[in-house]
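Worksheet for the structure shown next.
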Amino acid sequence: MPKVSASRRAQERLAFGTIRVLSLLTIAILALIVGFILYKGLRFSNETRSTVLPYAERSPSGLALVVNPGIDLESIDFPTAYGIFTDEYINWAKISADDTDLVPVAVDPGTPEGKAAERFLFGSGTQSSEEPAAYGGAVKKAADARAALAAVESTAGAVAIVPAGAVTPGDAKKVRVVPVRRLCLAVNEDVMAIVDNRSIEDLGDGDFARLARGEIANWKELGGPDLPVRFAAPPAGSELEAAVKAAGFAAGSSAAPGSPAAPAAAQAPGEGGYAAAIASTRGAAGFAFAADAQAASLQTLTRKGVVRGWNLTLRYLVEEPRLSGRVGGISTIILNTFFMLALTLLLAAPIGVAAAVYLIEYAKQGPLVRILRLGTETLAGIPSIIFGLFGFLFFVNILHFGFGLMSGCLTLTLMILPTIVRTSEEALKSVSGSLREGSLALGATKLQTIVRVVIPAAAPGILTGLILGVGRAVGETAALLFTMGSDYKLAVGLFSSARALSTHVYLLFAEGISFDRAFSTATVLIAIVLIFNFAARRLIGRMGEN
Amino acid sequence: MATSEATATPAPGVKIEVRDLDLWYGQTQALKRVSMDVSANSITALIGPSGCGKSTFLRVLDRMNDLIDGIRIEGRVLYEGRDITGPASDVIELRKKIGMVFQKPNPFPMSVYDNVAYGPRVHGFRARTPAERRKLDEMVERSLVNAALFDEVKDRLRKSAMGLSGGQQQRLCIARVLAVEPDVLLMDEPTSALDPISTSKIEALLEELKRRYTIVIVTHNMQQAGRVSDSTGFFLHGELVEFAPTKEIFFNPKDKRTENYISGRFG
């Protein structure tokens, strides 16, 4: 009947469509996961918030910030430089990813060049500042610019501010001149006020440009209070004006059409007067150097930007980790992971295969074997943290192995044994009984039959079990944390503490060290698992051909 | 119970002597008072319907039944005058002397060469020196030649045996048994899984092998038994109903049941 057949066709189409949608969904989800991890692992993109604009000056105010060439730094923002000389930092790690102690050197403020450096850091218009800022106690003093340069050259991690002219071309190789970002947008304090539970947002580059061009008439447009924008042009002919121009902002916005008149005081000569004018005019804004803004107690607008770059670099793979993995790479951790896998396999493979051979070939299939089998199946399902607890109590404490490779690998062995035993059992079971009979009928003993015929025939299956086990071991974290320890140095013995990649990922994340580094480590981990699986497939394929 | 000491002088020309053999699988009796003399250098065919005990009987001869739990044997099985059922007899030595070819070809998943060399190797042949390696090569070649397989596989000795055809695999299994230099060949329906051409090749081979070996063959195929065997035993429900020269069984059976089976009334 055509009616029946039509409804059956519809049914068929519906079923087919559903299956197709579901399968495509699965593929899409998989692609999303893998793509996301790979993207995050390979590229980083971080939102940054800073009070200074991304315009770096090589010789701000005729000065130069010089560091020891061992420090890898492209540029520095003013608040960081300020922090260096006021004891906020004691190590370069947070600034340049170099694990070196920070040695700030200041030229004696009694000398003219020392005075200039002090002004650069702590501002020129100190009149409105309540307590004069000063060098921190850890800052070393140098008699003059030459002495400071010599100190920077000879001391690892040293940094100083000297006149740009004092850095001769000969010094260029011995010290590194680091450009400083110090241009910021200062505003009158009313602009930052919270009105109706709203305050001015962090601004993007476009907002700064529009502000500078006078395209924003009211702070309301940027989420701030209902105040007209009064944009002050920097004093003509000043260093500030030059910097603003060089930074690519159209200065002299007061002339821009549609913008309200700039505050009269802003035209007053002298940078101190300029800052004071911004401070005293409601809704005023203007470019300023961070030191001056700070000295005049001006508020600055926060710029939000995005920093992008390569996350997983070759350097990351070959360098040793330092400072809890905050700095450096993961080379020793990769090696430790391989040591761990090798030792675990060395322990687990013979035991597991032997157990499977016993269960299949020798043991009388009775209640005891059934209980054993139930036991292995249960063990395979036990959460790894419980293995970790057991390993901690038994291997680390009772057997006094301590945190180290041995305790960790023994724990992992216990954890992956059930998997290996179960898959090896299945593999042995699948070997045809006729092969065993054929071998025995030739006069081979049972042991010869097992070693020469049964195990080779079951090898692909056994290998699959080993790979599954390794896969579980390489991804294991909970069982290792309390047994193998977390020392990221290269393991030097069976009992030395070692950190595996998975533990590293966990610790980077849990201790809030670096999300990006956690992802790039995870990418390496995934790559290792993939390589293992691929190699195993090739190996199994080659065995199958034989 | 007979032991290896209680040997009777073997009748001349008798390789295997079976006397009053009873066999039980648990409570089921699979063989009932079977007696048979297998003559040397002849082909003895065992026929009968499925489940009649002929394969079980064959497996008694090289003690493959040891692998099955709950089996009980009474009676005497003498190979060259020695009892082979007792615990005192060496099953490894026995299986060296009495080889077995199975119903389905069961080559090991290794190369053709390794398959044939397997027997010598498990019996302790070590090919360490070049001279020993040459000797093993010769053994393998001779076995393959005797199994009428050498010409077909001489170019692929080192390739996997799993790539051979079913008939070649079965001849490889025969070559594998021959390499152990046995005395008796037991064959459990060796051609039932093969096509007619392969079957005729193996039948021709049996004629050749008869000169050097004593062959006991279980077959479902009565034409085959008629074609290749010298004497035939007819099994029914665990009993050896009739055992006589093949011509007599086929043309002049003494027992009515044999006649019915031969003429195709059942089976």
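Just so you know, the protein sequences line up as chains A and B, in that order.
According to the working numbering, the first sequence holds residues 1 to 546 in order.
According to the working numbering, the second sequence holds residues 1001 to 1267 in order.
Idealized CB from N, CA, C, for every residue including glycine.
Rounded to whole angstroms, the Cβ separation of residue 246 of chain A and residue 164 of chain A is 15 Å, and the two are not in contact under 8 Å. Distance check between residue 403 of chain A and each of A:106, A:48, A:499, A:15 places A:499 closest, using alpha-carbon atoms only. What residue 441 of chain A touches in chain B, judged by beta-carbon distance under 7 Å, is 1062, 1064, 1095, 1099, 1100, going in chain order.
In this structure, residue 1174 of chain B sits away from residue 1157 of chain B, with a CB-CB distance that is not shorter than 9 Å. Straight through space, the alpha carbons of residue 1056 of chain B and residue 1066 of chain B are spaced by roughly 11 Å.
Going by DSSP, residue 1025 of chain B is part of the beta strand (DSSP E) stretching over 1014-1025. In this chain, the beta strand (DSSP E) harbouring residue 163 of chain A covers 158-163.
Under the Cβ distance rule, residue 1052 of chain B does not count among the residues neighbouring chain A, no pair being separated by less than 9 Å. With a 10 Å radius around the Cβ and a threshold of 16 neighbouring Cβ atoms, residue 413 of chain A comes out buried. In the DSSP assignment, residue 286 of chain A falls within the unbroken beta strand (DSSP E) covering 284-289.
Around the beta-carbon of residue 453 of chain A, 16 or more other beta-carbon atoms lie within 10 Å, marking it buried. Note that the C-beta distance between residue 519 of chain A and residue 44 of chain A is below 9 Å. Counting of Cβ neighbours within 10 angstroms places residue 171 of chain A among the buried residues, the total reaching 16 or more.
Rounded to the nearest whole angstrom, the CA to CA distance from residue 393 of chain A to residue 348 of chain A is 20 Å.
The C-alpha of residue 1220 of chain B lies about 13 Å from the C-alpha of residue 1194 of chain B. Per the DSSP secondary-structure output, residue 1217 of chain B pairs in a beta bridge with B:1045, B:1187. Residue 1146 of chain B does not reach chain A, its nearest Cβ partner there being about 16 Å away, counting only Cβ pairs nearer than 9 Å. One thing to note: residue 458 of chain A has its Cβ within 9 Å of the Cβ of residue 430 of chain A. Taking C-alpha positions only, residue 1143 of chain B is separated from residue 1118 of chain B by approximately 12 Å. The straight-line gap separating the alpha-carbon atoms of residue 358 of chain A and residue 1024 of chain B is approximately 28 Å. Around residue 1255 of chain B, the same chain offers 1241, 1242 as residues with beta carbons nearer than 7 Å, after the five sequence neighbours per side are excluded.
Spatial neighbours of residue 514 of chain A in its own chain (CB-CB distance under 7 Å, excluding positions within 5 residues in sequence) are listed in chain order as 326, 508. In this structure the stretch 66-73 of chain A does not lie against the stretch 196-216 of chain A, because fewer than three pairs of beta carbons, one per stretch, are closer than 8 Å. Interface with chain B (9 Å Cβ-Cβ cutoff): residue 370 of chain A is excluded.
Annotation for residue 505 of chain A: 518, 521, 522, 525 place their beta carbon closer than 7 Å to its own, counting only its chain and skipping 5 residues before and after. Membership of residue 184 of chain A in the beta strand (DSSP E) is indicated by the continuous run 183-187. The Cβ atoms of residue 333 of chain A and residue 321 of chain A sit closer than 9 Å to each other. Closer than 9 Å to the CB of residue 1167 of chain B there is not a single CB belonging to chain A. Going by DSSP, residue 123 of chain A is part of no beta strand (DSSP E) at all; its letter is neither H nor E. Distance from the Cα of residue 1019 of chain B is smallest, within the candidate group B:1077, B:1047, B:1048, for B:1077. Using a Cβ-Cβ cut-off of 9 Å, residue 453 of chain A is close to 1108, 1109, 1110, 1118 of chain B, given in chain order.
In the DSSP assignment, residue 537 of chain A is bridged to no other residue. With fewer than 16 other Cβ atoms inside 10 Å of its own Cβ, residue 1129 of chain B counts as exposed. At a C-beta separation below 9 Å, residue 456 of chain A has these neighbours in chain B: 1108, 1109, 1110. Our two residues, residue 353 of chain A and residue 23 of chain A, have alpha carbons roughly 37 Å apart in a direct line. Near chain B, meaning a CB-to-CB distance below 9 Å, no residue of the stretch 298-328 of chain A qualifies.
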